[in-house]
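Take a look at the structure below.
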C-alpha cells in the first residue's frame, strides 16, 4: 500500500515541495513518512542515512549538483534498495532534458505541472513493477548474472506484463557473461518480433563485442538515421570508432551527443581523455575542468582528475611556438596549482597529487633537481590510494625525468587501475589516454636525442647560435642528457650571442643552467676532471647571465 511507504521529496522550490506533500497527504500518506529538502547535498546525506521507498527529485536544482547528479550519486554509492523508486520531475520539456533521461534511466519522470491523480498513479505503477523485478536488479547489482538469467526465464512466464524490462536485463546478462552467440540469437529474434530500439542497440553491442565493427556501426548508423538524437546509439557508435583507433571520429560523435545533452559530466571526462590521447592538451584541460566543477562534492570527484587539469595546461605549454602563449599557460597552471594547494585541508591523497603536480611543474620549468627530489619523496610515501589519473601523472613524471624502472611500474599500475573502471566506454577512453601518454613520452625522448645530436653538430661547425637553440630544445625534451647539459653550460659561458636569449627568459635560463650542472655532476660517466672543468664553466655562465649577456 502506498500509504505505508516512506518518501523523500527533493526540489529547490518550497512551493513545489508543499504541493507534492499535499498530493501525498491526499493519498493517505502521513507527514511523518515524508522528508523533504531544497538542498542537493542534504538530499544525498538523507539518502545515505535513511531508507526510502520513493524518491521524488527535481531535475533542475538551483545547485551545481542537479537531480541527475543526485541520481548518479545514488547509483555510485548504492544509497537506495533495488525496489526503491526514483522519479525525476522537471518543468523543462526541452530535447536535451528528455535525452538526458534516456541516458539516466530513472524509474520514471514527470513534467510539471502534473495533476494529483496522474502523479499518484505513476508512483503506484512503478512501485508495483519494482516490487516484482527487484530480485533481478539486486542480482545485477551484485554481478550474479547467471542467477539473474535463471530468474529472467521464470519471470518472463510469471510476469509477462514486464517482458520489455525483463528482456533488457536478460540480454545485458548474456553480454556481461560474454555469451555472445546466445546474445546474437536472442537479439536477432527480439528485433524480428518487436520494433524496440533497445533490442537493436543490444544487437549492435553484440556485434561490437564479437569484433564485427562493420556490422555494429551499420546498426548504430541505421538507428541514428531514424533517431539522430538517440544518445546510447551514438555513444556506442563512438565506442566502435575508439576501438578502431579513429579518435577524431569518436570525438566528433561524442561532441554531437554533448550538443544535444551538455549536462552529462561523464561525457566531458571521456572527451578530455580522448583529447589527451591526441596531445590536444588545451582542449583536454578545459574538459577536465568542466567535469571537476560539475561533480564537486560527489563521489565522482577525483583529486587525480583535478590535478590532471593543471598538468594538461603544463603539457599544452610544450606544444606552442609562441613564447607569450607558453608563458600564459604556465602562469595559468601555476595559479591553479597554488589555488589547489590552499584548499586541500590536510588530505593525504590531495597532498600526494599536489606533490606529483609540483614535480611535473618543476620539470617543465627546467628545474630537474627539484623534479627528482619530488620523485624521491614519492618513492618514500607508502599506502596512498591513487586513481588512474594520479598514476598516469606519476608515469609522466618518471618518464620525462628518465627513470625507466619507475616509469614501467607506474604504467603497469595505471593499466591495472584502468581495468577497474566500471564503465566500458570510459575504460576504453582511459586505455587510449594511457597509450597516447606513452607515445608522447617516447616521442619527446626520441626528439630530444635527435635535437641534442643536431646541437652537437652545430657546435662542431662553430654555429654557436644554432647550437644553443637546439640544445635548449633538446633539454626541454630530454633534460637528463649529460652531454647536452655540458653543451648548454659551455655555450653560455662562452658568451653565446644575444639572439639566443630570446629562446627563454633570464629566470628560465638560470634555472636550466643550475639543473644542467646538477645533472652533469651527478652522472657517473664524466671524469672528475671533466666535472671540475664543467663547474668552472658553470660559474662563468652564471656571471654572463648576471651581466645580461
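Residue numbers (my numbering): 3 to 551.
All C-beta atoms in this analysis are idealised placements derived from N, C-alpha and C, irrespective of residue type, glycine included.
Burial state of residue i (16 or more Cβ within 10 Å)
i: residue 28; result: exposed
i: residue 444; result: exposed
i: residue 232; result: buried
i: residue 362; result: buried
i: residue 454; result: buried
i: residue 486; result: buried
i: residue 395; result: buried
i: residue 166; result: exposed
i: residue 148; result: exposed
i: residue 410; result: exposed
i: residue 238; result: buried
i: residue 424; result: exposed
i: residue 68; result: buried
i: residue 91; result: buried
i: residue 209; result: buried
i: residue 376; result: buried
i: residue 86; result: buried
i: residue 500; result: Caution is warranted here: a pLDDT of 45 is assigned to residue 500, below 50, making its placement in the model unreliable, and no coordinate value can be reported.
i: residue 216; result: exposed
i: residue 97; result: exposed
i: residue 156; result: exposed
i: residue 93; result: exposed
i: residue 227; result: exposed
For residue i, the first and last residue of its enclosing beta strand (DSSP E)
i: residue 9; result: 9-12
Integer Cβ distance of residue i from residue j, believed to fall under 8 angstroms
i: residue 521; j: residue 484; result: 6 angstroms
i: residue 312; j: residue 335; result: 5 angstroms
i: residue 315; j: residue 331; result: 5 angstroms
i: residue 480; j: residue 450; result: 3 angstroms
i: residue 290; j: residue 310; result: 6 angstroms
i: residue 131; j: residue 164; result: 6 angstroms
i: residue 106; j: residue 95; result: With a Cβ gap of about 16 angstroms, residue 106 and residue 95 do not count as contacting.
i: residue 358; j: residue 399; result: 6 angstroms
i: residue 36; j: residue 11; result: 6 angstroms
i: residue 206; j: residue 218; result: 5 angstroms
i: residue 255; j: residue 240; result: 4 angstroms
i: residue 279; j: residue 434; result: 4 angstroms
i: residue 477; j: residue 490; result: 6 angstroms
DSSP beta-bridge partners of residue i
i: residue 38; result: 11
i: residue 56; result: 9 and 87
Unbroken alpha helix (DSSP H) run spanning residue i, endpoints
i: residue 193; result: 182-195
i: residue 271; result: 267-279
i: residue 402; result: 390-402
i: residue 303; result: Unbroken run through residue 303: none, as it is neither H nor E.
i: residue 166; result: 165-178
i: residue 321; result: Looking at the DSSP string, residue 321 is not in any alpha helix (DSSP H), and its letter there is neither H nor E.
i: residue 259; result: 249-262
i: residue 513; result: 508-523
i: residue 355; result: 350-366
i: residue 415; result: 406-421
i: residue 287; result: 283-297
i: residue 30; result: That residue, residue 30, is in no alpha helix (DSSP H); it is neither H nor E in DSSP.
i: residue 381; result: 370-382
i: residue 545; result: 530-548
i: residue 202; result: 199-211
i: residue 340; result: 325-344
i: residue 156; result: 147-160
Near the ligand MN: residue i beta-carbon under 7 angstroms from a heavy atom
i: residue 478; result: Among the components modelled here there is no ligand, and therefore nothing to report on the ligand MN.
task = Let me know the alpha helix (DSSP H) ranges lying completely inside the region 58-140, each 4 residues or longer, listed in chain order.
result = 69-79 and 97-106
task = Would you list, in sequence order, the uninterrupted alpha helix (DSSP H) runs of no fewer than 4 residues that lie entirely inside the region 428-484?
result = 466-479
request  = Jot down the residue ranges of each uninterrupted alpha helix (DSSP H) in the region 218-252, minimum 4 residues, whole runs only, in chain order.
outcome  = 233-245
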